[in-house]
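J.: Note that the UniProt record's numbering has the sequence shown beginning at 1, numbered continuously upward.
Here a beta-carbon is modelled for each residue, glycine too, at the ideal position from N, C-alpha and C.
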Amino acid sequence: MNLPGPASANSGAAAAATAAAAPAVAAPAVAAAAAGESEEASKERAAAAVASGLNPYEALHAYIHFAVAPYFNAYVTAKEKAEQQAGVGSEGGSGAFREDKDSQPGIPMAKKKLAELELSLLHLQQNMEIPEIVLSIHPVIVRAVEECRGRGERVTVDAIDPALLSDSGFLNQLQGDVNGWIKEIQKVTKLDRDPASGTTSQEINFWVSMERALERIEEQLQSDEIVLAMDILKAAKRFHATVSFRTDTGLKEAAERVTRYNVLMKDFPINELLSATDVGRISDAIEQIFAHINKKLKLTPYPVRRALPLVEAVSRDFNEQLVKVLGHVRLMHMDYAGFERLFVDTQGAFDAWESQVKEFANLARDVTRKRSEKFIPIKIRAAHAALQERVQFVYQFRQSHEQLQQTIVRVMGSQASILETSAAATGDGSAASVGDIAAIDEIRAAYDSVKMVDVLDVTAEGAELWERAETGYNERVARVENQIIARLRDRLATARNASEMFRVFSKFNALFVRPKIRGAIQEYQTQLISSVKDDIRKLHETFKRHYNKSEAFTLSQLRDIPPVSGAIIWIRQIERQLDMYMSRVEDVLGKGWELYAEGQRLQADSASFRRKLDTRPLYDAWFAEISRRDLTVAGRVFLVSRHRASGNAFQLNISFDAQLITLFKEVRELLWLGFQVPHTLVNMARDGKRVYPFAVSLMETTKIYRQTTHRLQQHPDIMALAAGYRRDVMLCIRRGMGLKWQYFVTSAGLYSAGGAGALAQVDAHDSRNASFVREFAAVVALYQEKVDALISLNDEINGAVRELATCPYTEDKIQTILDRIQGLIDRLNLDNYANLEQWVSELDARLEQVLATRLSSALQAWIKEFRRAPAVGDEDDDDTIGADDSKISRRLQRSLGVEGASARNKNAARQGGDGKKEEEEKEVMPQLRTLVHELRIKNQI
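#1: Can you say whether glutamate 934 is buried or exposed, counting buried as having 16 or more other CB atoms within 10 angstroms of its CB?
#2: Between the alpha carbons of asparagine 294 and threonine 459, how many angstroms are there, rounded?
#3: In terms of residues, what are the limits of the alpha helix (DSSP H) holding alanine 285?
#4: On a Cα-Cα basis, can you pick out the residue from Tyr473, Met501 and Ile517 that is closest to residue 1011?
#5: Buried or exposed, going by whether 16 or more other CB atoms sit within 10 Å of the CB of isoleucine 769?
#6: In three-state terms, what does DSSP make of leucine 714?
#7: Quick one: using the 10 Å Cβ neighbour count with 16 as the cut-off for buried, is alanine 685 buried or exposed?
#8: Can you have a look at aspartate 687 and say buried or exposed, based on whether 16 or more other CB atoms are within 10 angstroms of its CB?
#9: Is it true that the CB of arginine 238 sits closer than 8 Å to the CB of glutamine 173?
#10: I'd like the span of the alpha helix (DSSP H) that includes proline 139, first residue to last.
#11: At what residues does the alpha helix (DSSP H) containing histidine 328 begin and finish?
#12: Give every residue of the same chain whose Cβ lies closer than 8 Å to the Cβ of leucine 322, excluding the five residues on either side of it in the sequence, and list them in chain order.
#13: On the three-state DSSP scale, how would you describe isoleucine 568?
#14: Please list, in chain order, all residues of the same chain as serine 315 whose beta carbon is under 8 Å from its beta carbon, the five residues on each side excluded.
#15: Quick check on this structure: which residue in Asp284, Pro131, Thr249 and Ala235 has the alpha carbon closest to the alpha carbon of alanine 163?
#16: Okay, do the region 617 to 625 and the region 557 to 577 touch, 3+ Cβ pairs below 8 Å being the bar?
#17: Does the region 815 to 823 come into contact with the region 790 to 804, if we say contact requires no fewer than three beta-carbon pairs (one atom in each stretch) closer than 8 Å?
#18: Can you check whether the CB of alanine 446 is closer than 8 Å to the CB of residue 959?
#19: Taking the C-alpha atoms as reference points, what is the distance between leucine 931 and glutamate 865?
#20: Between the beta-carbon of phenylalanine 638 and the beta-carbon of leucine 660, is there less than 8 Å?
#21: Give me, in chain order, the residues of the same chain whose beta-carbon lies closer than 8 Å to that of glycine 913; leave out the 5 immediate sequence neighbours on both sides.
#22: From the DSSP output, which residues share a beta bridge with arginine 514?
#23: Under the DSSP definition of a beta bridge, which residues are partnered with lysine 379?
#24: Let me know if phenylalanine 650 comes out buried or exposed under the rule of 16 or more other beta-carbons within 10 Å of its beta-carbon.
#25: Which residue from Leu602, Leu851, Leu793 and Val344 puts its Cα closest to that of aspartate 826?
#26: Excluding the 5 residues flanking leucine 465 on each side, which residues of the same chain have their C-beta closer than 7 Å to its C-beta?
#27: Taking the beta carbon of leucine 404 as the centre, do at least 16 other beta carbons fall within 10 Å, making it buried, or is it exposed?
#28: Over what stretch of residues does the alpha helix (DSSP H) that includes tyrosine 473 continue unbroken?
#29: Of all the options Gly724, Asp194, Ala74 and Arg149, which has the alpha carbon lying nearest to the alpha carbon of alanine 330?
#30: Just verifying my parser: in three-state terms, what is the DSSP assignment at lysine 81?
#31: Rounded to whole angstroms, what is the Cα-Cα separation between methionine 230 and arginine 257?
#32: At the level of alpha carbons, what is the spacing between proline 716 and glutamate 700?
#33: Taking 7 Å as the cut-off, is the C-beta of arginine 149 nearer than that to any heavy atom in the ligand MG?
#34: Could you have a look at lysine 665 and say whether DSSP puts it in helix, strand or coil?
#35: Mind checking whether alanine 285 and leucine 273 have CB atoms under 8 Å apart?
#36: Locate the alpha helix (DSSP H) running through aspartate 812, then write down its first and last residues.
Written as C-alpha cells, this is what we have:
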C-alpha cells in the first residue's frame, strides 16, 4: 500500500474520479491491501512516510474522501434504486420499500460518522504547529532541586552552595540561560498567522493551540527549577535579568490576548458546517456560525480587521461544502422536481448567508465605532459568489429546458394520441407521429449532450466545456423549434374565434421567450391584442356609467352591503377583470410582454385606467364625511316629537341615528377589504354594533306600537276595552324614559348572541337594560295581539248585530245570533279586556234597539193586515177550501219570514222581474184569509 504524499494532488484527484466511477473495484482493493499487512509492517510504513516528509493524515483523508465514502454512497444509492424498481413491479411494493428504508436508521448515522472522520483528518492536516518550548536548566539547579525533593524540603536559595552565589562564571551562565529562555518564549508569544490564508479551522486551531502552548510555558516558569534560578539571580543582585524577564518575554500580554481571542474561537460551530451532509444543514450551520460571531464579537476584543478575513474563510468553507454536497447528487441527472426542491434549499442557504452577512456588517461598524478603531471599509469578498451564479444559471437552463419539453409533450401528446389524431386528420398518421416522436427524442438527446458536464466547475476550463456543450444543445433545439412553429401556425389558422386563439396561445406561451417562435406568430398576436383593447374599452365604458346606475348597486342593497363598500367592491371587480384581460396579453406575448411596443402601449392604457380605479379617494371622501358628522352613541333612548303628517301631534320615536348602523357595516366591509380604518372609527362602529340589536328592537317595537294605536283609533267604540293593555305599554315607556344609550354600549349582544342565554354573561346593570328591551317588546307584542283580536271580535259582533236586524223573524234564528254574540263577549271577558261591563251595557242598548225596531215593524204589519179590506177577485179566494187553506198558510209564513226558499223561488219565477218589489212587500206583511161564514136555517116552521 503506497501512501500518496502532498505532491500527488493531481493523481489523487484522478484516483478519486476512478474510485467514484468504479467503487466496487477500488474500495475492496484498498480494504484487502490494508487487511493484508501486519500491524508492525504498517508501523514501519508510517514511520518511513513521516521520515520521507509525507503526511499520513493526508493519505488517510484521501482514502476516506476518494474511496470509502464514495463507495458507500454509491452502494446505498444503487440498492435503494433497485429496491424501488422491484417494489413498483409488485403489489404494495412502494410501501414495502418505504418500510425497508425506514428500518435502516444506521445508514444516515454511518454517513454522518464518515463525514466526521473525514473532517477530523482534515483538521489534523490543517493544524498549525506551535513550537514546543523546553527551557534548559543549569545542572547545578537540577541537582539542588532533586536533593530538596529527596529530603522533602522546600526549594530555596539555601540549597545552593554559598560560594556559587559569588561565582561570576556560574552567575553569567545562569544569566545566559535566562536570556535564552526569553528568546525561546518569544518564539511563541510573537507567533502569528494571516487569517486571509487557509481555512476557518486553521484560524481556530491556531489560537487554541497557542493557548495550550502558553499554558505549558507558564507551567515551566512556575516550576521549582525556574523559580530557584530566578531567586539565585535576585540574591546575587542581578536584577537587570530578573526584573524585565516577564516584560521581555511578552508572555502576559500574549496570554491575555489569546484568552480574549479564544472567547470567540472556543465553541465555534464550524464543525456543523464541515460535517453537513445536505443543504438544509449547511443553511442551519451558517446561521449558527454568524449567531456565534455576532454574539462573541461584542464580548471579545478580537479585531474587526481580523474578523473580516475570518468571515471570508467561512465563505470558502461554505463554498467547498456546497460543492461537496451538490457534487454527490449530480444536478443534471436529477429529476426536475427534485432539482427544483434542491435549488430552493440552495437558494435558501445563499439567502441565509446574505442576511447574516448584512447583520454582521452592521455589527462590525457598530463595534468599530465603539472601540474607536481606525476606520476600515466593511467589505466581504464571498468565495461562493461564482458558485451561486453558476447554480442560478443551471436552474434557469433546466427551467427553460423543462418548459420546452413539457410544452412539446403537452402539445404533441403521447404516441397513441398522435397516431389517432393524425390518422383522423390526414389519413397518414404514421408520418405525423414519427415527426412528433422525433422532436421529443431530439429534445432528450440535446439534454443528454450537457448532462455529463460538471456544472459546478467554475474554472475557465469548466466554463469552456459548458459553452461547447450548450452550443450543441442549441443546435438540436433549433430544429425542434421549427416543428413547433409549424404546429402552432396550423392551430392558429384553424381557430374559429378569438377565444380559441387565446387558448392556443396560453398553451404555448411558455415558449414565447424564444425569439424564433415569437417572430413566427406576430400576425396573430396583433389580431388578439386588438381584441384585448376592445374588451378594455368596454370595461371602461362600464366604469363610466357609475356604480349607482349599475345592476351591482341593486344586488348590493339586497345583500345589505353599504353604499361605499359596495362601490369599492364593484371597482375591484372591474380591476380584476382588467387583470384578467392583461393576463391574456401575457398569454399572447409571453412573459416580459411589457417590453414590446404593443405591450408598452397596452401597459400605458391599463395603467391610466387603473389609476381611475383607485379606491383610495373614495375611502378618503367617506372618511372626511364621517369625520364631519357628530356620530356618538349617547343621549336618551326615547324621543317625543311632533309629527307634521299627523297635524303636529306628538309622536314617540327612538333617538338613534341610522347612520351609526351604516357606519358599522361600512367599517366591517372596509376592514375585510383591507383598508386601515382609524381606531376611533373602529371603536365608534363597535359601539354602534353593540347597540344595534337593542336599537333595532326598540325601533321596531315603537313602530308596532304606533301602528297598533293608529288602528285602534279607527275603532273608537272599542278603545276603552284596550285601555288596560295600552296602559301597560305607557307604564313601560315611562320606566324607559330615563334610559340612555351609554348604558347599552357595554351590554352583550342579547339578540345576536343567543337571546336569553346571553343575559347570564353580562352584569346586573347590563342585564336590566337588556331585560327592558325584551320586556318592552313583549308588552307591545301583547298589546298588538290583543288589539288585533279585539278588532276581529268587534267586527264579528257588529256583523251579528247587523244580521239580527235582517234575519228571519223566528225564535230559533234570533236565539242563535244572540248566543253567538254572548260567546264573543265571553271571549272578551276571558282575555281580560278593561271596561267590559260598560261596553256590554252599550251593546245591550244596541241590541234592545234592534229588537224593538223589529218588534215595532211586526206589530205595524199585523195592525195593517187586520185593517185591510178583502179585495174583490183576489186570487187567493178560491172555491176549493183546501187551496184556500194552503194559500193562507203560505201568506202567514211569508209574513213571519219562515217561508221556504223553494216557495220563494217559485213565486219569484212566476211573477217575474216586475213583481219583485211587490213580493218583498208581501213578505213582511201578514195576510189573513177571508173566512165566509154561511148560515143556513133548515126545518123552519
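T.: Looking at the coordinates:
#1: In the sequence shown, the residue the question calls residue 934 occupies position 934. Glutamate 934 should be labelled exposed.
#2: For the purposes of this step, residue 294 is identified with residue 294 of the sequence shown, where counting begins at 1. For the purposes of this step, residue 459 is identified with residue 459 of the sequence shown, where counting begins at 1. Rounded to whole angstroms, asparagine 294 to threonine 459 spans 33 Å at the Cα level.
#3: Translated into positions along the sequence shown, residue 285 becomes position 285. 279 to 297 is the span of the alpha helix (DSSP H), which, as asked, contains alanine 285.
#4: Given that the chain is displayed from residue 1 to residue 941, the structure contains no residue 1011 and the question cannot be resolved.
#5: Looking up residue 769 in the sequence shown gives position 769. It is worth fixing the name first, because residue 769 is asparagine in this sequence and not isoleucine. With 16 or more other Cβ atoms within 10 Å, it is buried.
#6: The residue labelled residue 714 in the question sits at position 714 within the sequence shown. Reading off the sequence shown, one finds glutamine at residue 714, where the question assumed leucine. Glutamine 714 carries a coil assignment under DSSP once its states are collapsed to helix, strand and coil.
#7: The count along the sequence shown starts at 1 and reaches residue 685 at position 685. With 16 or more other Cβ atoms within 10 Å, it is buried.
#8: Within the sequence shown, residue 687 is the residue found at index 687, counting from 1. Buried.
#9: Locating residue 173 in the sequence shown gives position 173, counting from the first residue. Locating residue 238 in the sequence shown gives position 238, counting from the first residue. Not in contact: glutamine 173 and arginine 238 (Cβ atoms no closer than 8 Å).
#10: Sequence index remark: in the sequence shown, residue 139 carries index 139 (1-based). If you look at proline 139, you'll find it in the alpha helix (DSSP H) that goes 139 to 151.
#11: The residue you call residue 328 lines up with position 328 of the sequence shown. Here the alpha helix (DSSP H) through histidine 328 covers 304 to 329.
#12: Residue numbering aside, residue 322 sits at position 322 when the sequence shown is read from its first letter. Counting only Cβ-Cβ distances below 8 Å, and skipping sequence neighbours, we find Val279, Ile282, Thr346, Ala349, His384 and Leu387.
#13: Mapped onto the sequence shown, residue 568 falls at position 568. In this structure, isoleucine 568 counts as helix in the three-state DSSP scheme.
#14: By 1-based counting over the sequence shown, the position of residue 315 is 315. Cβ within range, chain order: Trp353, Ile380, Arg381, Ala382, Ala383 and His384.
#15: Taking the first residue of the sequence shown as 1, we reach residue 163 at position 163. With distances taken between Cα atoms, alanine 163 lies closest to Ala235.
#16: Output reads yes: the region 557 to 577 touches the region 617 to 625.
#17: In short, these stretches touch, since the Cβ pair count reaches three.
#18: In the structure displayed, the chain extends from 1 to 941; residue 959 sits before or after that span and is not available.
#19: The residue you call residue 931 lines up with position 931 of the sequence shown. The residue you call residue 865 lines up with position 865 of the sequence shown. Using only the alpha carbons, I get a separation of about 14 Å.
#20: In the sequence shown, residue 638 corresponds to position 638, counting from 1. In the sequence shown, residue 660 corresponds to position 660, counting from 1. For the 8 Å CB-CB criterion, phenylalanine 638 and leucine 660 do not form a contact.
#21: For the purposes of this step, residue 913 is taken as the residue at position 913 of the sequence shown. Here the model assigns glycine 913 a pLDDT of 47, short of 50, so the residue's position is not dependable, and the following value carries that caveat. Excluding residues within five positions, none has a Cβ falling inside 8 Å.
#22: In the sequence shown, the residue the question calls residue 514 occupies position 514. DSSP output for arginine 514 lists no bridge partner at all.
#23: Mapped onto the sequence shown, residue 379 falls at position 379. Bridge partners of lysine 379: none, in fact.
#24: Taking the first residue of the sequence shown as 1, we reach residue 650 at position 650. Burial check for phenylalanine 650: the Cβ neighbour count within 10 Å stays below 16, so the residue is exposed.
#25: Within the sequence shown, the letter at position 826 stands for residue 826. If you compare the alpha carbons of Leu602, Leu851, Leu793 and Val344 with that of aspartate 826, the shortest gap goes to Leu793.
#26: For this step, residue 465 is matched to residue 465 along the sequence shown. Cβ within range, chain order: Val453.
#27: Stepping through the sequence shown from its first residue, residue 404 is reached at position 404. Flag for leucine 404 reads buried.
#28: Numbered from 1 along the sequence shown, position 473 holds the residue referred to as residue 473. Residues 460 to 494.
#29: Here residue 330 refers to the residue found at position 330 of the sequence shown. First, the residue type needs correcting, since residue 330 is arginine and not alanine in the sequence shown. Minimum Cα distance to arginine 330 is reached at Ala74.
#30: Within the sequence shown, numbered from 1, the residue matching residue 81 stands at position 81. Helix.
#31: If you number the sequence shown from 1, residue 230 lands on position 230. If you number the sequence shown from 1, residue 257 lands on position 257. Rounded to the nearest angstrom, the two C-alpha atoms are 26 Å apart.
#32: Residue 716 sits at position 716 when you count from the first residue of the sequence shown. Residue 700 sits at position 700 when you count from the first residue of the sequence shown. Between the alpha carbons of proline 716 and glutamate 700 lies a gap of roughly 25 Å.
#33: Looking at this structure, you won't find the ligand MG or any other ligand, since it has none at all.
#34: Reading the sequence shown from its first residue, position 665 is the one you call residue 665. Three-state DSSP puts lysine 665 in a helix.
#35: Position 285 of the sequence shown holds residue 285. Position 273 of the sequence shown holds residue 273. At a Cβ-Cβ threshold of 8 Å, alanine 285 and leucine 273 count as neighbours.
#36: Taking the first residue of the sequence shown as 1, we reach residue 812 at position 812. Start and end: 811 to 830.
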